[in-house]
Structure formats: structure tokens, C-alpha cells
Amino acid sequence: MVFDEKSLIIGEIGGPFGSLVDACVCSMHLSEKAHFRVEMTPEEIDLTIELVELDFGGFIHQWDAAKKFDMAVKRKELGKQLFQENLLTEAANRFSKAFRVLCSIPISVEMPLDCIDSVNVSDIQLLKETLYNNMSACYFRHQNFDSVIPLCQKVLALNPCNVKALFKIGVAYEHERDFEKAHQALSTVLEIEPNNKAAADHLETVKVQLRQVNFRLNSMMKKMISGTIGK
Numbered sequence: 003m004v005f006d007e008k009s010l011i012i013g014e015i016g017g018p019f020g021s022l023v024d025a026c027v028c029s030m031h032l033s034e035k036a037h038f039r040v041e042m043t044p045e046e047i048d049l050t051i052e053l054v055e056l057d058f059g060g061f062i063h064q065w066d067a068a069k070k071f072d073m074a075v076k077r078k079e080l081g082k083q084l085f086q087e088n089l090l091t092e093a094a095n096r097f098s099k100a101f102r103v104l105c106s107i108p109i110s111v112e113m114p115l116d117c118i119d120s121v122n123v124s125d126i127q128l129l130k131e132t133l134y135n136n137m138s139a140c141y142f143r144h145q146n147f148d149s150v151i152p153l154c155q156k157v158l159a160l161n162p163c164n165v166k167a168l169f170k171i172g173v174a175y176e177h178e179r180d181f182e183k184a185h186q187a188l189s190t191v192l193e194i195e196p197n198n199k200a201a202a203d204h205l206e207t208v209k210v211q212l213r214q215v216n217f218r219l220n221s222m223m224k225k226m227i228s229g230t231i232g233k
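Oh and the sequence shown: position 160 is 162 in my numbering, straight run, nothing missing.
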């Protein structure tokens with residue numbers, strides 16, 4: 003496969019192959035022509051790359067808020083595409099990079115503004131909420147519930163009524179056997195969306211588990227009280 007005069011933006015090629023191509027190009031000098039052999043299971047890929055021209059976009063701290071916001075949106079969209087292809091590690095990486103770019107936009111706590119360099123602060127906060135949610139979705143699909151919980155907590159700190167985050171954290175608490183918190187989160191989902199069948203199904207399971215836990219606790223308490231009286 004041959005690409006003539008191919009334009010490449012570092013960080014914008016999706017998938018594991020894209021990350022390897024980025025690493026190859028970043029190791030090169032201007033006007034250099036280099037041959038690379040990339041190991042991609044189950045095959046090896048031979049690449050010949052010539053770095054004809056290099057356009058440096060400036061350091062990120064020199065960018066205005068609008069440029070940073072646009073870059074974060076682009077990385078979010080690439081992350082969504084990777085997520086749809088079930089490339090979850092790569093997707094989470096893109097969402098994380100988008101979030102880091104977004105967090106470099108300074109938002110004053112003491113003197114809050116409605117707008118920074120033509121970008122609405124509300125749009126910045128909404129994008130942060132979306133990125134936290136998207137990262138949690140990657141871990142949720144991996145069933146890495148220890149990572150799902152803190153990410154969903156950050157979403158809910160920004161928007162307590164975010165149904166997707168409430169559902170994911172509810173299921174995560176269920177798997178971690180924190181049934182009271184699972185019950186609270188899933189019940190909130192059904193308050194917002196009464197017809198949410200997935201939440202209702204999980205809530206029924208949680209209720210059964212809670213009854214079993216309470217039954218065991220009551221039995222233990224009765225034995226303890228009985229033992230104390232007997233002495």
C-alpha cells in the first residue's frame with residue numbers, strides 16, 4: 003500500500019497501528035527517509051516514510067481556548083469511533099487526551115466568566131462531563147468496575163441527573179457488592195426514566211441481594227443477643 007504526499011496529524015490516526023505510526027514519525031528528522039518494520043499481531047508491516055515537510059502548531063500553552071476546545075472535540079470524536087470498533091484501550095486513551103487538552107483551559111474560580119476566547123464555559127463543562135462519561139463507558143465494557151465508580155462520580159458531580167452515569171455506577175456498585183449504593187443509584191435512574199428496563203432488572207437483583215444480606219445480619223444479631231442472655 004502506497005501513500006503519496008500523505009498528510010499526517012500526530013495523535014489523530016486511530017487504533018494501535020496509528021499509535022505506532024505516530025511513534026515512527028516522531029523519531030524522524032526533517033527530510034529523512036526511513037524504513038520501519040511494525041509488529042502487529044498476527045503479522046508484520048513494512049513501512050517506508052519520508053518526512054517531507056513539518057508544520058509545528060505551537061506549544062499547547064500558547065493556544066487560545068477555542069483551539070484547545072476544537073482539539074478536544076476532535077479527539078473525543080475519534081475516541082467515539084474507536085469505541086464503536088470495540089478498540090476500548092485506544093478509545094479511552096483518546097478521551098483522556100481530549101480531557102487533558104480541555105483542562106489546560108484556565109477557568110477562574112474566584113472570578114468566573116461565562117465565556118473564554120469565544121468558548122462558553124458551559125460548553126467546556128459539558129464536554130468534561132461527556133469525556134468522563136465516555137471514559138467510564140470504556141472501563142464499564144471491560145468490567146473494570148473499580149475505575150468506573152470514580153469516573154461516574156466525577157460525572158455526577160457535574161450533573162447529578164446524568165442517567166448513563168447513574169446506571170453505570172449502580173451496576174458497578176452491584177458488582178462490588180455495595181448493594182445500598184447500587185439501590186440508591188438505580189432507583190434514581192428509574193425516577194428520571196421510569197421505563198428504563200435495564201435499570202429495573204438490575205434493581206430487582208439488588209433488592210434480592212439486600213434482603214439476603216439483611217436476613218443474615220438479623221440472624222447474626224439474634225445469635226449474639228441469645229448468647230449474651232445465656233451467659
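From the three backbone atoms N, C-alpha and C, an ideal C-beta is built for every residue, glycine too.
The model shown is predicted, which means the values in this text are computed figures rather than measured ones.
- Contact between the region 117–124 and the region 152–168 is not established, with fewer than three Cβ pairs separated by less than 8 Å.
- In the DSSP annotation of this structure, Met73 is not part of any beta strand (DSSP E); the continuous alpha helix (DSSP H) holding it starts and ends at Ala67 to Gln86.
- For Lys35, the beta-bridge partners assigned by DSSP are Glu52.
- Sequence-distant Cβ neighbours of Leu212 in its own chain, meaning closer than 6 Å and more than five residues away, are Phe181.
- Here Glu46 is bridged, per DSSP, to Glu41.
- Between Ala139 and Ala100, the gap from beta carbon to beta carbon reaches 8 Å or more.
- Taken atom to atom, the span from the alpha-carbon of Leu205 to that of Pro196 is near 12 Å.
- Selection Thr132, Thr43 and Phe142 evaluated against Ala159 yields Thr132 as nearest (Cα-Cα).
- Along the region 114–163, the alpha helix (DSSP H) occurs as fully enclosed runs of 4 or more residues at 123–143 and 147–160, listed in sequence order.
- Residue environment for Lys170: buried (at least 16 other C-beta atoms within 10 angstroms of its C-beta).
- DSSP, reduced to helix, strand and coil, places Phe58 outside both helices and strands of the structure shown, so it counts as coil.
- By the neighbour-count definition (other C-beta atoms within 10 Å, threshold 16), Thr91 is an exposed residue.
- The beta carbons of Thr207 and Glu176 sit about 7 Å from each other, so the pair counts as a contact at 8 Å.
- Contact check for Lys82 against Val103 fails: the beta carbons are separated by 8 Å or more.
- Your pair Cys26 and Leu49 checks out as a contact, with CB atoms roughly 7 Å apart and the cut at 8 Å.
- Shortest Cα-Cα distance from Glu34 to any of Glu45, Val23, Val54 and Pro44 involves Val54.
- Take Ala174, set aside five residues on each side of it, and the residues of its chain with a beta-carbon closer than 6 Å to its own are Phe147, Val150 and Ile151, in chain order.
- In the three-state reduction of the DSSP assignment, Arg102 falls in the helix class, which pools H, G and I.
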